[in-house]
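Numbering (the working numbering), first residue to last: 7 to 164.
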């Protein structure tokens, strides 16, 4: 490699919950550098989760964290060319990539829902994911199934 790997920039924890994970999520959700808008959407979504949740002893933030961990994939398939043929090879995922992938899926499937506001969409997807249902969890299950189906090629790992 010619270039060095980029340094990880330290993330500031968010103002309300004092949590770096929240800031990371908001940064991913943000469009056009509108961070305050993204924070407002996130906080509104957590407030909606707080109202609609079934589990009384958990806060909205804890429900969101549960949802995130339910969406996190543990294995994924990567394409690898071996002698002219492309194989899908199942591989373990690094911890930081697990979190990033889970966040991306939660956000993208929230955007595809058909509630009124983005906050409502996000809240609905979070509540569904916390109950092990919803599109983001289905994506994780499909990813795991694909890895399971291609387990025969795992000896091509690099």
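Glycine included, C-beta positions come from ideal geometry on N, C-alpha and C.
8 Å CB neighbourhood of residue i in its chain, flanking five on each side removed
i, result
"residue 117", "124 and 127"
CB-CB length for residue i against residue j, believed under 8 Å
i, j, result
"residue 156", "residue 95", "7 Å"
"residue 26", "residue 19", "5 Å"
"residue 83", "residue 98", "Not really, about 12 Å apart at Cβ, beyond 8 Å."
"residue 88", "residue 23", "Residue 88 to residue 23, Cβ: 47 Å. No contact."
"residue 5", "residue 55", "The shown model of the chain, from 7 to 164, leaves out residue 5, and the question about it has no answer."
Residue burial classification, residue i (beta-carbon count within 10 angstroms, cutoff 16)
i, result
"residue 70", "buried"
"residue 147", "exposed"
"residue 77", "buried"
"residue 111", "buried"
"residue 115", "buried"
Pick from the options that is closest to residue i, judged by C-alpha positions
i, options, result
"residue 139", "74, 122 and 65", "74"
"residue 67", "108, 152, 153 and 132", "132"
"residue 100", "93, 149, 41 and 79", "79"
"residue 113", "8, 51 and 93", "51"
Cβ-based neighbour list, residue i, same chain, cut-off 6 Å, excluding 5 preceding and 5 following
i, result
"residue 109", "31 and 34"
"residue 28", "20"
Spatial neighbours of residue i in its chain, beta-carbon cut-off 7 Å, leaving aside the 5 residues before and after
i, result
"residue 143", "76, 77 and 135"
**Message:** As an exercise, report each continuous beta strand (DSSP E) stretch of at least 3 residues that is fully enclosed by the region 53 to 95, in chain order.
**Reply:** 81 to 88
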